[in-house]
Amino acid sequence: MANITMTVNGKSVSGEVEGRTLLVDFLRTDLRLTGTHVGCDTSQCGACTVHVDGIAVKSCTMLAAEADGADVSTIEGQANADGSLSAIQAAFQEHHGLQCGFCTPGMVMAAADLLKKNAKPTEAEVRHHLEGNICRCTGYHNIVKAIMAASGQDVSQLAAE
Amino acid sequence: MYNFDFEKPSTIADAVSAMAAEEAQALGGGQTLIPTLKQRLASPSKLVSLSGIAEMKGVCEADGGISVGGATTHATVAAEAGAYPALAALASNIGDPAVRNRGTIGGSLANNDPAACYPSAALASGATIETNSREIAADDYFQGMFTTALEEGEIITNVRFPIPEAASYQKFEQPASRFAMVGVFVAKYVDGVRVAVTGASEDGVFRWTEAEEALSGNFSADAVEGLSVSGDGMISDLHGSGDYRAHLVKVLTKRAVAAAS
Numbered sequence: 138m139a140n141i142t143m144t145v146n147g148k149s150v151s152g153e154v155e156g157r158t159l160l161v162d163f164l165r166t167d168l169r170l171t172g173t174h175v176g177c178d179t180s181q182c183g184a185c186t187v188h189v190d191g192i193a194v195k196s197c198t199m200l201a202a203e204a205d206g207a208d209v210s211t212i213e214g215q216a217n218a219d220g221s222l223s224a225i226q227a228a229f230q231e232h233h234g235l236q237c238g239f240c241t242p243g244m245v246m247a248a249a250d251l252l253k254k255n256a257k258p259t260e261a262e263v264r265h266h267l268e269g270n271i272c273r274c275t276g277y278h279n280i281v282k283a284i285m286a287a288s289g290q291d292v293s294q295l296a297a298e
Numbered sequence: 041m042y043n044f045d046f047e048k049p050s051t052i053a054d055a056v057s058a059m060a061a062e063e064a065q066a067l068g069g070g071q072t073l074i075p076t077l078k079q080r081l082a083s084p085s086k087l088v089s090l091s092g093i094a095e096m097k098g099v100c101e102a103d104g105g106i107s108v109g110g111a112t113t114h115a116t117v118a119a120e121a122g123a124y125p126a127l128a129a130l131a132s133n134i135g136d137p138a139v140r141n142r143g144t145i146g147g148s149l150a151n152n153d154p155a156a157c158y159p160s161a162a163l164a165s166g167a168t169i170e171t172n173s174r175e176i177a178a179d180d181y182f183q184g185m186f187t188t189a190l191e192e193g194e195i196i197t198n199v200r201f202p203i204p205e206a207a208s209y210q211k212f213e214q215p216a217s218r219f220a221m222v223g224v225f226v227a228k229y230v231d232g233v234r235v236a237v238t239g240a241s242e243d244g245v246f247r248w249t250e251a252e253e254a255l256s257g258n259f260s261a262d263a264v265e266g267l268s269v270s271g272d273g274m275i276s277d278l279h280g281s282g283d284y285r286a287h288l289v290k291v292l293t294k295r296a297v298a299a300a301s
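Chains as they are written, first to last, in this note's numbering: chain A, 138 to 298; chain B, 41 to 301.
This is how it looks when you write it as structure tokens:
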């Protein structure tokens, strides 16, 4: 067992973990931040996407010990300071970018990662960036639309409703 | 996963010391190793993370080539290897964005997955794989599926690529995993053309020497038209037969030449 300390959504947290403890398990089980989901547990679906030191990673495929000392952001840290939805979250709501909602935390975190690097992505760039995030409801059209809208672009001409 | 100790050294020397423990295993970005551990297909006593070693990270230009630290992520190569555009393009299409943010070139080359992208770039470029103890030419490094010249405890610290006059990597993705069903890297140097194929052979990455000879005389897609690739020894699975993969080798070689010239 090893002691680790990291910043999660702006707060310093500590815990004792085994070498094999995954970051997602530390977040969900130790910190009770269950917004980060485990979909496939095989690095493919992206429901567990969080940001570590500002970059998107699959928290089911990173050891908690690797994040010792890191700055981690999860879906719980995405809302504005006053508790209102972030621009991306609000756009997902406005454009019905979710059906069952299971993949949504990972989609939002992937979208935030994209918009930080590319403020006005094209539809093709959004779709390429979401290759590692799988939606079993196959609701991709509205997810893409929500991300385009969150970037401030006119989405009235995009096909899906 | 079986449990293991975890160590994260900050220098190559400390990593080499940590790797001396029995059944110790180096951890690059973990994008293959962690799924492997979850399947209980490996049971190391200790994982030695290479992600905290600053001297093994980054891309720099030197002596007509580029040098990529062994712990450099695919995302960093995609962003910083502009001096070798075909290599940057290859890195920008490995897996997906989150995988590219963790996965490393050293991890990919050390694992030598038969469907990984990087081995084809290293072999087609005649890259030099630098370890903590020696330098290994790419032609000597790849020794079959999941097999390399690396010794126990040896760590890839750096990879040097000479920059070609023209190059392109073309991949036919297996749509679920995004691994290469077949990938072909063509690189044209002053002294000849090199063609490396990944994803296809049961022996892992290989050079298609007939195409290299044809392309060295005439660098155009037409030059390989008359050549044929045998399906013998090619991977056959539910995604495609050996004959299908053999067919793809030629198709993708032509596409790579067309894209490079």
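C-beta: ideal position from N, C-alpha, C; glycine also.
Supposed contact pair residue j and residue i - C-beta distance, whole angstroms, cut 8 Å
i, j, result
"methionine 143 of chain A", "alanine 193 of chain A", "Actually they do not touch by this definition, with Cβ atoms about 16 Å apart."
"threonine 72 of chain B", "glycine 147 of chain B", "7 Å"
"lysine 228 of chain B", "alanine 300 of chain B", "7 Å"
"threonine 44 of chain B", "lysine 78 of chain B", "The residue you asked about is not threonine; residue 44 of chain B is phenylalanine in the sequence shown. Contact flag wrong, Cβ pair sits at about 13 Å."
"glycine 143 of chain B", "threonine 113 of chain B", "6 Å"
Exposure label - residue i; buried when at least 16 CB within 10 Å
i, result
"serine 149 of chain A", "exposed"
"cysteine 177 of chain A", "exposed"
"asparagine 255 of chain A", "exposed"
"serine 293 of chain A", "exposed"
"arginine 174 of chain B", "exposed"
"threonine 173 of chain A", "buried"
"glutamate 298 of chain A", "No answer about glutamate 298 of chain A holds up, because its pLDDT of 47 lies below 50 and its placement is not dependable."
"glutamate 252 of chain B", "buried"
"glutamate 203 of chain A", "buried"
"glutamate 47 of chain B", "buried"
"lysine 257 of chain A", "exposed"
"glutamine 181 of chain A", "buried"
"glutamine 183 of chain B", "exposed"
"serine 270 of chain B", "exposed"
Which of helix, strand or coil DSSP assigns to residue i
i, result
"cysteine 197 of chain A", "helix"
"arginine 169 of chain A", "coil"
"glutamate 298 of chain A", "Low confidence applies here, because glutamate 298 of chain A scores a pLDDT of 47, under 50, leaving its location unreliable; read the following figure in that light. Three-state DSSP puts glutamate 298 of chain A in coil, outside helix and strand."
"asparagine 151 of chain B", "helix"
"alanine 94 of chain B", "helix"
"proline 204 of chain B", "coil"
"arginine 247 of chain B", "strand"
"aspartate 136 of chain B", "coil"
"valine 222 of chain B", "strand"
"glutamine 230 of chain A", "helix"
"glutamate 101 of chain B", "strand"
"valine 108 of chain B", "strand"
"serine 151 of chain A", "strand"
"aspartate 262 of chain B", "helix"
"asparagine 172 of chain B", "coil"
"histidine 266 of chain A", "helix"
"glycine 243 of chain A", "helix"
"threonine 259 of chain A", "coil"
"aspartate 45 of chain B", "strand"
"valine 281 of chain A", "helix"
"valine 145 of chain A", "strand"
"histidine 287 of chain B", "helix"
"valine 187 of chain A", "strand"
"glutamate 242 of chain B", "coil"
Residue i CB to nearest heavy atom of the ligand PLP below 8 Å
i, result
"glutamine 79 of chain B", "You won't find the ligand PLP in this model; it holds no ligand whatsoever."
Where the region 266-293 of chain A meets chain B: residues whose CB sits under 7 Å from a CB there:
His266, Glu268 and Gly269
The region 161-170 of chain A / the region 226-236 of chain A touching (three or more Cβ pairs under 8 Å)
no
Would you call the region 208-220 of chain A and the region 93-109 of chain B in contact, with 3 or more CB pairs under 8 Å?
no
Could you run through the region 68-82 of chain B and flag, in chain order, every residue whose CB is less than 8 Å away from some CB of chain A?
Gly70, Gln71, Ile74, Pro75, Leu77 and Lys78
Can you give me, in chain order, the residues of the region 169-190 of chain A that have a beta carbon less than 8 Å from any beta carbon in chain B?
Asp178, Thr179, Ser180, Gln181, Gly183 and Thr186
At least three beta-carbon pairs within less than 8 Å, the region 241-251 of chain A to the region 221-230 of chain A
yes
Cβ-based contacts, 8 Å cut-off: residues of the region 133-158 of chain B near chain A
Gly135, Asp136, Pro137, Ala138, Val139, Asn141 and Arg142
Along the region 195-208 of chain A, where does the CB come closer than 7 Å to a CB of chain B? Name the residues.
Lys195, Thr198, Met199, Leu200, Ala202 and Glu203
Are the region 170-184 of chain B and the region 87-95 of chain B in contact at 8 Å, needing three or more beta carbon pairs?
no
Spell out a yes or no on whether the region 159-167 of chain B and the region 230-239 of chain B are touching, meaning 3 or more CB-CB pairs, one atom from each, closer than 8 Å.
yes
Could you list the residues in the region 147-161 of chain A with a C-beta less than 7 Å from some C-beta on chain B, going in chain order?
Glu155, Gly156 and Arg157
With 7 Å as the C-beta to C-beta threshold (strictly closer), list the residues of the region 216-227 of chain A near chain B in chain order.
none
Taking a cut of 8 Å between CB atoms, which residues from the region 196-213 of chain B lie near chain A?
none
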